[in-house]
Amino acid sequence: MKKIIFPKSLKKGDKIAVISPAGAVDTTQLEKGIEMIKSKGYEPVLGEHLYTKFSNGYNYAGTEQERIKDINWALNDNEISAIWASRGGYGCQHLIEHLDLKNFIKNPKWYIGYSDNTVIQSYLLKKGFASIHGQTVKTSSFGVTEESYTLIFDILKGKKPKYSLKSNQFNKPGIIEGELVGGNLALIYALLGTKYSFDFKDKILFIEDIGENFYALDRMIMSLELAGVFNKISGLIIGGMTNMGDEKENKQYEESFDEFAYQLISDRILKYNFPVVFGFPNGHIKDNRPLIIGGNVKLKVEDKVKIEF
């Protein structure tokens, strides 16, 4: 099995590139996050096209060429020690065939983001590099928990996270250790069958999502099943499932962990024997605690749940 490379820890004064690989952002949406990076002792370096806007059926942060230019600059500039995505949205799939890791391989750096950034993180893991599935810079202006960011900075400093959770009615008990893969379910689904898809064999899979109709959620889970994913993985962690179904009909529409969404997933995986954790605080939710994609995880699901990197 390929040894996963963890980027080196950051020190005070190191530079963090802030880029927009997908959707467009306004300056006001990033002010708080950029100031937070400064307050932690790091120097934010803004991508040339961070605030560029290009409308082509969706409001992208620049053309494909502009976004490719920014991410390749951030990946390969030796003065940059970490890369933090401004947001997700849609657009990262445009970039992966054009990513250049020539200098990155010599000087790996943390890539931080979630949602559409799952595409970039899947690509990096295929190349043997870990990344951080956690809050983007933009979400700092949305009232998310302070701990969501504190834990990211802890990882940047070299501290690996440990989590302890209450039991969930849908959990399946067991103890397992393995490499963590995954992220946003819609993007995991979108990459199935491509050379950029995660390798699921003997891995612990993490999934989260937002704004899907329940039938669409079921369709994605069914696709994973038909692709043999659940026969390959050794464990499953389910994070936030929010804004699911019809807002007018779903009483839990604003909840972080939609119970009907969980029931749908639970029903699909009942026949499998791997341990399962529901309700992990990561995803499109206010309390979005970081996970290390590519990290080795010790997963213990009993009366309480322990997740340790």
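In terms of the numbering used here, the sequence shown opens at residue 799 and continues consecutively.
Note that beta-carbon positions come from the ideal geometry of N, C-alpha and C, so glycine has one too.
Model, not experiment: these values are computed from the prediction.
Status (buried if at least 16 other CB within 10 Å, exposed otherwise) for residue i
i       : result
Ile973  : exposed
Asp1007 : buried
Ile832  : buried
Glu829  : exposed
Lys1001 : buried
Ser1054 : buried
Thr1040 : buried
Gln863  : exposed
Ser837  : exposed
Ser853  : exposed
Ile903  : exposed
Tyr987  : buried
Gly991  : exposed
Gly941  : exposed
Glu1045 : exposed
Ser1032 : buried
Glu1010 : buried
Tyr840  : buried
Gly1156 : Outside the modelled stretch of the chain, which goes from 799 to 1107, sits residue 1156, for which no answer is possible.
Asp1056 : buried
Gly1026 : exposed
Gly956  : exposed
Gly811  : exposed
One or two residues paired with residue i in a DSSP bridge
i       : result
Asn857  : Ser853
Glu841  : Lys813
Ser962  : Lys1104
Ile1067 : None, per the DSSP bridge assignment.
Thr1040 : Ile1008
Ile973  : Lys1098
Phe968  : Beta-bridge pairing links Phe968 to no other residue.
Leu1034 : Leu1003 and Val1074
Phe1058 : In DSSP, Phe1058 forms no bridge with anything.
Leu1089 : His931
Gly821  : Tyr858
Ile878  : Lys813
Ile803  : Phe927
Supposed close pair residue i, residue j - CB separation, criterion 8 Å
i       : j       : result
Gly1093 : Leu978  : 5 Å
Glu879  : Lys813  : The sequence as given places Ser at residue 879; Glu does not occur at that position. So it is a contact: roughly 6 Å between Cβ atoms.
Leu989  : Val917  : 7 Å
Ile1036 : His931  : Between His931 and Ile1036 the Cβ distance is about 14 Å, and since that is not below 8 Å, they are no contact.
Ala815  : Ile866  : The Cβ separation is near 14 Å, so there is no contact.
Glu975  : Leu1097 : 7 Å
Ala859  : Ser818  : 3 Å
Tyr912  : Asn857  : Not quite, the Cβ-Cβ distance comes to about 19 Å (not below 8 Å), so this is no contact.
Phe1107 : Lys900  : Going by Cβ atoms, the distance from Phe1107 to Lys900 rounds to 29 Å, so no, they are not a contact pair.
Gly926  : Lys800  : 5 Å
Asp1085 : Thr943  : 5 Å
Pro1088 : Leu949  : 5 Å
Tyr849  : Thr825  : 6 Å
Tyr947  : Met834  : 6 Å
His847  : Asp868  : 5 Å
Val1095 : Lys970  : So it is not a contact: roughly 16 Å between Cβ atoms.
Ala1059 : Leu1024 : At roughly 20 Å, the Cβ-Cβ gap does not stay under 8 Å, so Ala1059 and Leu1024 are not in contact.
Cys890  : Asn915  : 6 Å
Leu1034 : Phe998  : The Cβ separation is near 11 Å, so there is no contact.
Phe1012 : Gly1043 : 5 Å
Ala872  : Gly845  : 6 Å
Residue i Cβ short of 8 Å to the ligand HEM heavy atom set
i       : result
Phe1055 : For the structure depicted, the ligand HEM is absent and the ligand set is empty, with no information on it obtainable.
Worksheet entry | Inter-stretch contact at 8 Å, needing at least 3 Cβ pairs: the region 935-948 / the region 878-897 | yes
Practice prompt. Jot down the residue ranges of each uninterrupted alpha helix (DSSP H) in the region 881-958, minimum 4 residues, whole runs only, in chain order.
Written response: 916-924 and 944-954
Worksheet item: Counting Cβ pairs, one atom from each stretch, are 3 or more of them under 8 Å apart for the region 991-1007 and the region 1069-1088?
Response: yes
Worksheet item: What are the uninterrupted segments assigned as beta strand (DSSP E) that are 3 or more residues long and contained completely in the region 979-1021, given in chain order?
Response: 1002-1008
Worksheet item: Hey, is the region 800-813 in contact with the region 898-907, meaning 3+ C-beta pairs nearer than 8 Å?
Response: As far as the Cβ criterion goes, the region 800-813 touches the region 898-907, which means the pair count is three or higher.
Fill in: the region 1060-1072 contacting the region 1017-1025, beta-carbon criterion three pairs below 8 Å
yes
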